[in-house]
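First to last, the sequence lines map onto chains P and B. Taking our numbering, I'd label the letters of the first sequence as residues 606 to 928. Taking our numbering, I'd label the letters of the second sequence as residues 606 to 928. All residues carry an ideal CB built from backbone N, CA and C; glycine is no exception. None of these values were measured; they are calculated from a predicted model. The block underneath contains the structure these notes are about, expressed in structure tokens.
Number of protein chains: 2
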Amino acid sequence: MHHFAARLHAAIQNKKNPALVGLDPRFAQLPAEFRVPGRYSAGDPAARTASAYEEFSCRVIDVVAPLVPAVKPQAAFFEECGPAGCLALQRVMQYARRAGLIVICDAKRGDIGTTAEAYARGYLAGAEAAAAPWAADALTVNPYLGRDTLEPFVRTAVERGAGLYVLVRTSNPGAASFQGAADDSRPLYRNVAAVVEELALATCENHPFGIVGAVVGATYPQELAELRAALPHAPLLVPGYGSQGAAAADVAPAFTSDGYGALVNSSRGVIFAWERPEYAARFAASQWEQAVEAAARDMIADLARLTPAGKLVESPPGAALRP
Amino acid sequence: MHHFAARLHAAIQNKKNPALVGLDPRFAQLPAEFRVPGRYSAGDPAARTASAYEEFSCRVIDVVAPLVPAVKPQAAFFEECGPAGCLALQRVMQYARRAGLIVICDAKRGDIGTTAEAYARGYLAGAEAAAAPWAADALTVNPYLGRDTLEPFVRTAVERGAGLYVLVRTSNPGAASFQGAADDSRPLYRNVAAVVEELALATCENHPFGIVGAVVGATYPQELAELRAALPHAPLLVPGYGSQGAAAADVAPAFTSDGYGALVNSSRGVIFAWERPEYAARFAASQWEQAVEAAARDMIADLARLTPAGKLVESPPGAALRP
């Protein structure tokens, strides 16, 4: 199976939920065992932090791989550690692929012409993990440089069975400052969404969704509903659930009626669950992996109860693959 | 000297020109000696390409360091080679710093909140090359995510004596598709420029320019003039000269009357000069370093003749540092 949307939907169908776990390691929030001086001895301090991020992320993957369809490593935290962090990111992505997960690299890349091609070839492994140095099934991309700068990403993604998630409407408080710029009374993010839908439609092949999707924050539920309607062929990646304040009911509009069409991301809320009062009350700090598992299961249950993702539990085998 | 604009202007004054050499290694365009099978033996093919990029870039730096104030490595080509490429990028940046060059990492990063902080801490070394894993004096950043997402970059840059170049108006043919979205008859890039000017003004300290600058393509000379006027405190980074079609006269509006205020970038036009007919006629392929030197000198002379940068040749010592 080569087409990204087909692979994504098979993963969602297999796990019967649309939960995406963000791998955003932050040193100060790692469980205590990863911060014991001397645990990692090789290299400079940045390299030792990279080793901690790699081990922590792989252990999170061990916990969540049986539960969720996909993970989203955040490149920034790894890059902050320099080249050793980049090596750790590569290993984490390869490890997640071997664990059967869809891997969305959250690197928000964007550049012009042949430079965009270089990013695309480097990150978009697609259907074969070994096809690129970074083993991403999909990559987040930034559209500011213009429609022509998305095209090299789309070409490589089509070739390799990879996917793209274009930033459309982000979940941060200041997102509207530029994304909300109104052109003919239509905000910029709607113009970006129109381009994404066109690219999604053009890459459907015989699937219900194309390989070009959109990042749409859950923190603006009304806009999420409008964008789901404006983007009938685009898979959505919805950040903002959990730590950023959105509830399951807020993300419900992201889904089609059968429960497909979106992944809902939680990063800190799952990977650092051991810090959250409701889990800290049930698990000792050393039981952080049990807290991760409980938080992932609670998120899955929450999405099933309050969104159309509940339909996934009863979807027949193969349903997602019908055009 | 800590303030980025002061360091940048001292470098421009010292070299008496505003030429920026872009380090965009592309394997197929490397001189033949770097493509000889077996020249690099360590690692996988991507790692061997990374070794070629590192050696080529460092040899370009050897040629241009006595001539120009700054270089701009393009992260994409290095990242395409995976972690080995990231290590090569780090070494190239450190090498350029040791050669006394201002290093602008062209990575076009952008993300929200603490994620933006991670990029900022990782890339913005600022006045002390050892302060971050990547030894950048300055970083290009993408504003699409919103004004609030620029602030973590600005905070780290101020602390460390680093600079930022925010994408405002890029040089690609499709740049207007989103950057040109009109809000109250003002295109988006003008709204982004207004925020950049505000951040530049707030970070001037006692210098004529702030540490937040703008990327403004040379391929739209009229807009370049408008943006220079709208951004009196922002250093400009002007791509598009040479291979992308803009001539020295087109970039003239980027400068203040004394020849400061802008760096003009050429990448392929300098580093792959050996391929250009006018240099191929004068230099054998094996003399590619002489072609690089000739192209850099020609660019410097061209800017001196046709833009206010000619004034730099006669500027008195210390002039750039006067508030």
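Scanning its chain for C-beta atoms nearer than 7 Å, with the 5 sequence neighbours on each side dropped, one finds around N870 (chain B) the residues L625, G627, K677, L842, V843, P844 and Y846, in chain order. When the five nearest sequence neighbours on each side are left out, the beta carbons in the same chain lying within less than 7 Å of the beta carbon of R873 (chain B) are those of D629 and S848, in order along the chain. Bounds of the alpha helix (DSSP H) holding N796 (chain P) are L793 to A807. Within the region 748-759 of chain B, the residues whose Cβ lies closer than 8 Å to some Cβ of chain P are P748, Y749, L750, G751, R752, D753 and T754, listed in chain order.
The beta carbon of P674 (chain P) is closer than 8 Å to those of L613, A616, I617, N619, K620, N622, P623, A624, L625, L706, I707 and L868 in its chain, skipping five residues each way along the sequence. Residues of chain B with a Cβ closer than 7 Å to the Cβ of T824 (chain P) do not exist; the shortest Cβ-Cβ separation is about 11 Å. Annotation: the continuous beta strand (DSSP E) that includes G627 (chain B) extends over A624 to L628. Going by C-alpha positions, D716 (chain P) is about 47 Å away from R887 (chain P). Distances from the alpha-carbon of A823 (chain B) to those of B:V856, B:P792 and B:G718 put B:V856 closest. Here the alpha carbon of R791 (chain B) sits roughly 22 Å from the alpha carbon of V817 (chain B). Not one beta carbon of chain P lies nearer than 7 Å to the beta carbon of I709 (chain B). In terms of CA proximity to P840 (chain B), B:L772 leads the group B:A680, B:R726 and B:L772.
By the CB criterion at 7 Å, A689 (chain B) and A743 (chain B) fall outside the cutoff.
Contact between the region 790-808 of chain B and the region 907-922 of chain P is absent, with fewer than three C-beta pairs closer than 8 Å.
The C-alpha of R640 (chain P) is placed about 45 Å away from the C-alpha of A633 (chain B).
For I905 (chain B), same chain residues with a beta-carbon under 8 Å away, outside a window of 5 residues either side, are N622, A624, L672 and V673 in chain order. By alpha-carbon distance to A762 (chain P), the top candidate from P:A740, P:A680, P:A798 and P:L692 is P:A740. At a cut-off of 7 Å between beta carbons, S782 (chain B) contacts chain P. Taking one beta carbon from each stretch, the region 749-757 of chain P and the region 722-730 of chain B have fewer than 3 pairs nearer than 8 Å; the two do not touch. DSSP places P678 (chain P) in the strand class (E or B) of the three-state scheme. Cβ contact annotation for A680 (chain P) (same chain, cutoff 7 Å, sequence separation greater than five): L694, C710, D711 and A712, in chain order. A743 (chain B) sits in a strand when the DSSP states are folded into three classes. The Cβ atoms of A899 (chain P) and L908 (chain P) do not sit closer than 7 Å to each other. In the DSSP assignment, N870 (chain B) is bridged to B:L625. A657 (chain P) has its alpha-carbon roughly 9 Å from the corresponding atom of R644 (chain P). Scanning P:Q699, P:G785, P:E684 and P:P813 for the CA closest to the CA of E733 (chain P) turns up P:Q699.
According to the DSSP secondary-structure assignment, L841 (chain P) is paired through a beta bridge with P:A819 and P:A867. Distance between A781 (chain P) and P778 (chain B), taken at the CA atoms: about 26 Å. In the three-state reduction of the DSSP assignment, G766 (chain P) falls in the coil class. In the three-state reduction of the DSSP assignment, V669 (chain B) falls in the helix class. Each of P:D863, P:S891 and P:A853 was checked against the Cα of R910 (chain P), and the nearest Cα belongs to P:A853. In the assembly as shown, G864 (chain B) is a buried residue. Its beta-carbon has 16 or more other beta-carbons within 10 Å. The three-state secondary structure of L729 (chain B), taken from DSSP, is strand. Under DSSP, R902 (chain P) shares a beta bridge with no residue. Contact of Q695 (chain B) with chain P is assigned, a C-beta pair being separated by under 7 Å. G766 (chain B) places its beta carbon less than 7 Å from that of F609 (chain B).
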